[in-house]
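Visitor:
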Amino acid sequence: MSNITIIVATGLNNEIGTDNKLLWHFKKDMEFFKEMTMGKPIVMGRKTFESLPHMLSNRLHIVLTKQSLSIPGVIVLHSIKEVLEIANNYDEVVIIGGASIYKMFIDYANKMYITKVYKEYKEADCYYPEFNYRDWEKRIIKKEYENDTLLEFNEYTRKLVKKN
């Protein structure tokens with residue numbers, strides 16, 4: 463099975479967006495996103511795809527949707543099973559959102575890159591799903607400030623379950 467990685471930036475209360483848009487624009491977070499996804503297949507929901515300013519270069523776009531769509535240059539799939547099957551052809555597939563897609567794949571992921579934005583966004587209408595932190599090993603990659611806001615770039619790796 464291939465590696466399923468999630469990448470997301472969240473506010474202090476796990477907020478990720480409002481009105482199908484990100485709540486912030488931090489250049490350092492966008493650079494981190496690009497570095498972590500470049501050359502890899504990226505999986506997203508239809509709304510996330512529609513929110514992109516353009517196709518992201520050097521990444522295979524996979525859109526998971528219930529709708530019957532045909533998008534040039536994009537693989538359109540309709541189930542988690544289809545995504546997992548196509549993921550078997552790659553070393554790593556990166557889930558980039560939105561909230562319902564994160565919720566569908568969090569149990570399949572073995573790695574998460576979570577940029578914690580140390581700020582609250584009360585206007586949020588979209589949140590990253592809760593998960594059990596005890597199931598994950600956290601490593602802080604780096605901490606940086608941008609526009610007087612602390613960004614903490616974290617890597618979470620799923621702990622291996624020991625079998626008796």
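Sequential numbering from 463 applies to the sequence shown in our numbering.
Positions of the beta carbon are idealized from the N, C-alpha and C atoms, including for glycine.
Predicted model only: the values in this text are computed from it and were never measured.
(1) Kindly identify the DSSP beta-bridge partner or partners of W598.
(2) Looking at Y589: is its Cβ nearer than 8 Å to the Cβ of E512?
(3) On the three-state DSSP scale, how would you describe M463?
(4) Taking 8 Å as the cut-off, decide whether the C-beta atoms of V505 and V545 are in contact.
(5) With distances taken between CB atoms, is the gap from E614 to R601 smaller than 8 Å?
(6) Where D610 and K581 are concerned, what is the direct C-alpha to C-alpha distance, given to the nearest angstrom?
(7) Classify L526 as buried or exposed, calling it buried when 16 or more other Cβ atoms lie within 10 Å of its own Cβ.
(8) Can you find the residues in the same chain that come closer than 7 Å, C-beta to C-beta, to N520, ignoring five residues on each side of it along the sequence?
(9) Which runs of the alpha helix (DSSP H) fall wholly inside the region 476-557 and span at least 4 residues, in chain order?
(10) I need the boundaries of the beta strand (DSSP E) containing K573, first residue and last residue.
(11) Reducing DSSP to helix, strand and coil, say where I568 ends up.
Guide: Concretely, from the data shown:
(1) R620
(2) no
(3) Legend: pLDDT at M463 = 46, less than 50; position of this residue unreliable, value from coordinates given subsequently. Reduced to three states, the DSSP call for M463 is coil.
(4) yes
(5) no
(6) 10 Å
(7) L526 is buried by the Cβ-count criterion.
(8) M500 and G501
(9) 489-499, 508-513 and 542-549
(10) K573 to V579
(11) I568: coil per DSSP, three-state reduction.
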